Ligand SMILES: NC(=O)c1ccc[n+]([C@@H]2O[C@H](COP(=O)([O-])OP(=O)(O)OC[C@H]3O[C@@H](n4cnc5c(N)ncnc54)[C@H](OP(=O)(O)O)[C@@H]3O)[C@@H](O)[C@H]2O)c1
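Numbering (our numbering), first residue to last: 112 to 415.
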């Protein structure tokens with residue numbers, strides 16, 4: 112299988128590339144602004160250049176774990192949010208369909224209002240913010256145009272080893288190492304999803320010929336404070352610096368789903384047990400940091 116990963120420098124993209132290589136696939140990844148060896152420079156906003164390069168590559172499958180993923184930034188810049196999360200992937204999805212390939216778009220539980228979560232694939236979406244609206248419109252446009260060549264993977268609260276070291280687990284660990292308090296929303300709940308497992312599930316779904324909409328998320332719904340405590344405990348830190356406040360007092364730029372999270376009945380039917388719970392995943396996170404190379408280690412504080 113020849114695969115392209117648009118956003119290979121990102122969290123899920125890094126794991127897609129690692130798993131694809133381990134499984135013997137011919138995979139090429141791209142970066143937009145953060146270069147790593149072996150990645151091809153591609154900005155999906157350069158629409159013609161990106162389309163032409165993709166056509167030349169002639170992949171069987173394109174994974175698109177990319178876009179403008181900063182939820183509060185999207186709220187302040189809706190034009191970029193729509194371009195980056197809807198129009199640019201749709202452009203490359205059309206090219207992929209033209210050359211007979213399959214396209215995997217990564218979406219989010221933020222397509223749900225989050226008043227009655229966790230939600231399944233059957234729940235009616237109702238995004239609370241600009242980011243979620245652009246993602247939902249992209250899901251619909253890509254699935255509508257590509258039919259069974261499209262796989263839509265919704266995930267949530269992704270964490271685990273990554274090269275850029277940006278995810279919530281890194282933020283918690285770095286603050287604890289610095290001796291700073293960790294203040295998280297007391298009233299947000301969702302499904303923590305281990306990045307290596309999210310990527311593997313997406314690849315397995317493609318390999319097994321699935322299309323359509325799949326929720327790919329961890330098996331537990333946790334509050335942010337409980338998730339932060341699980342990370343701190345797993346990494347051997349005292350839990351005392353972890354505090355919480357209601358979302359309304361935190362001044363986040365975009366409204367968030369509060370009772371969020373994803374039920375995964377479709378994934379469970381075809382790949383049962385693939386998504387690991389937080390405690391097992393954190394053991395794996397530590398094992399990989401200690402024995403695997405290439406990932407940013409949040410315990411190593413740069414002097415720069
Ligand atoms: N992380 C989560 O908790 C979460 C939850 C739900 C859904 N998702 C979705 O899952 C996907 C992957 O998330 P992630 O956490 O892996 O994201 P990430 O770490 O922020 O990575 C985003 C990737 O997109 C690339 N990118 C950004 N703008 C681009 C552009 N205009 N053209 C081409 N590439 C561009 C980035 O490149 P550079 O870094 O090189 O600039 C990076 O490789 C996203 O679509 C996100 O919406 C994530």
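We put the CB at the ideal spot given by N, CA and C, even for glycine. Given the structure is predicted, the values throughout are model-derived calculations rather than measurements.
For residue 118, the CB falls within less than 8 Å of some heavy atom of ligand 1. Per DSSP, reduced to three states, the secondary structure at residue 137 is strand. Here residue 167 is exposed, its C-beta having fewer than 16 other C-beta atoms within 10 Å. In the structure shown, residue 270 falls within a strand segment according to DSSP collapsed to helix, strand and coil. Residues 112, 113, 212 of the same chain have their beta carbon placed closer than 6 Å to that of residue 171, with the five preceding and five following residues left out of the count. Unbroken beta strand (DSSP E) runs of no fewer than 3 residues, entirely contained in the segment 350–379, are found at 353–356, following chain order. With contact defined as three or more Cβ pairs closer than 8 Å, the segment 333–346 and the segment 288–301 are in contact. DSSP places residue 396 in the helix class (H, G or I) of the three-state scheme.
About 5 Å separates the beta carbon of residue 192 from that of residue 241, a gap short enough to meet the 8 Å contact definition.
Taking 9 Å as the cut-off, the beta carbon of residue 345 is found closer than this to the beta carbon of residue 396. As summarised for the segment 138–226, the continuous beta strand (DSSP E) elements at least 3 residues long and confined to that stretch are 172–175, 213–219, given in chain order.
A distance below 7 Å between beta-carbons, with the five flanking residues on each side excluded, links residue 316 to the following residues of its chain, in chain order: 262, 325. When DSSP states are grouped into helix, strand and coil, residue 323 belongs to the strand group. If you check the CB distance, residue 222 and residue 365 do not come in under 9 Å.
Going by C-alpha positions, residue 320 is about 16 Å away from residue 131.
Looking at the DSSP output, residue 230 shares a beta bridge with 373. At least 9 Å separates the beta-carbon of residue 281 from that of residue 388. Boundaries of the beta strand (DSSP E) around residue 296: 293–296. Apart from the 5 residues on each side of it in sequence, residue 128 sits with its Cβ closer than 7 Å to the Cβ of 116, 119, 138, 140 in its chain, given in chain order. Annotation for residue 116: no alpha helix (DSSP H) segment contains it, though the beta strand (DSSP E) segment containing it runs 113–116.
For residue 214 against residue 173, the beta-carbon gap comes to about 5 Å, under 8 Å, which counts as contact. The three-state secondary structure of residue 300, taken from DSSP, is strand.
Between residue 378 and residue 312, the beta carbon gap of about 6 Å places them in contact (Cβ cut-off 8 Å). Ranked by Cα distance from residue 255, the options 228, 230, 208, 353 are led by 208. Its chain contains 178, 179 as the residues whose beta carbon lies nearer than 6 Å to that of residue 195, once the 5 sequence neighbours on both sides are disregarded; these appear in chain order.
Under the DSSP assignment, residue 253 falls in the alpha helix (DSSP H) whose first and last residues are 241–257.
Residue 286 is positioned such that its CB atom lies no closer than 9 Å to that of residue 200. By alpha-carbon distance to residue 291, the top candidate from 411, 350, 149 is 350. In the three-state scheme derived from DSSP, where H, G and I count as helix and E and B as strand, residue 263 is classed as strand.
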